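In mature numbering (1 follows the signal peptide of the UniProt record, and there is no 0), the protein residues as written are -22 to -1, 1 to 150.
Ideal placement from N, C-alpha and C gives every residue a C-beta, glycine not left out.
Every value quoted in this text rests on a predicted model; they were computed, and no experiment measured them.
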Amino acid sequence: MVFFRAALLGSAFLFFSALSQAQDSGYYGAASLAQLNVDTELEGTPSFTPHVVNLMLGYRYSNSLSAEARYGFGVHSSSDRGVKFETDYITSLLAKPRLYLSPEVALYVTGGFSRGKFMVAGEDTTLNSVSYGGGIQYDRNPRTTYFIDWIKLIDKDEYEINTLNIGVTYRF
């Protein structure tokens, strides 16, 4: 009898855990490779194109709205006219409304706030700014999405920093 109860209880736990895993919780994670385009008003007007890896966590409130936090770290620096530009980190908090063109393809815009720390010519520079952009996503299946987006991360002081991202999202 004890074995029967244990087997029944274990089966119930397995059944409900399978159901909970089948439900979309709304949370998602993503990763992307990005190229930054950095235009400066520094002496000699150098411009840079370093590379960044972004990690993202978000919550999908509905098919038409998400909120997302991004953290990027530099993986490749860039030099121009003897000036070196390195990315320490970039963080962003973004709202992401989207419009589905078909069941699999959606256009979206992003808006929010970004902050980044960079090393320019050996000096640390921390910048923050309102951010905005847009992109397109392809829902390969209910859990996996591929995306490409462009975001103006920083537009402040002597710097204008845009990013082009290509990545993949997984919904939990």
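### Message
Quick check on T141: does DSSP put it in helix, strand or coil?
### Response
Counting from 1 along the sequence shown, the entry for residue 141 is found at position 163. If DSSP states are grouped into helix, strand and coil, T141 belongs with the strands.
### Query
When you compare only the Cα positions, how much space is there between D135 and L71?
As a working mapping, residue 135 is identified with position 157 in the sequence shown. As a working mapping, residue 71 is identified with position 93 in the sequence shown. Distance between the alpha carbons of D135 and L71: 21 Å.
### Inter-residue spacing [alpha-carbon to alpha-carbon] between G50 and L33
Residue 50 sits at position 72 when you count from the first residue of the sequence shown. Residue 33 sits at position 55 when you count from the first residue of the sequence shown. When rounded, the distance between both Cα atoms is 6 Å.
### Task
Can you give me the Cβ contacts of Y137 inside the same chain, cut-off strictly under 7 Å, excluding the 5 residues immediately before and after it?
If you number the sequence shown from 1, residue 137 lands on position 159. Hits under 7 Å: V16, T18 and L105.
### Query
Can you name the residues that DSSP bridges to D102?
Taking the first residue of the sequence shown as 1, we reach residue 102 at position 124. In the DSSP output, where bridge partners are listed per residue, D102 has M97.
### Query
Assuming I68 and G94 make a contact with CB atoms under 8 Å, what is their CB distance in whole Å?
Locating residue 68 in the sequence shown gives position 90, counting from the first residue. Locating residue 94 in the sequence shown gives position 116, counting from the first residue. Indeed, because the Cβ distance is near 4 Å, the residues count as touching under 8 Å.
### Message
Mapping the DSSP letters down to three states, classify S70 as helix, strand or coil.
### Response
Taking the sequence shown and counting its residues from 1, the one referred to as residue 70 is at position 92. Three-state result, S70: strand.
#### Entry: Where P81 falls, given that 16 or more other Cβ within 10 Å makes a residue buried
Here residue 81 refers to the residue found at position 103 when the sequence shown is read from its first residue. Exposed.
### Message
Per DSSP, what are the beta-bridge partners of R76 in this structure?
### Response
On the sequence shown, residue 76 is found 98 positions in, with the first residue counted as 1. Note: R76 sits in a beta bridge opposite Y86.
### Enclosing beta strand (DSSP E) for E46 [first to last residue]
Here residue 46 corresponds to residue number 68 of the sequence shown, with the count starting at 1. DSSP places E46 inside the beta strand (DSSP E), whose first and last residues are L43 to H54.
#### Entry: Under the three-state DSSP convention, the category T147 falls into
Locating residue 147 in the sequence shown gives position 169, counting from the first residue. When secondary structure is reduced to three states using DSSP, T147 falls in the strand class.
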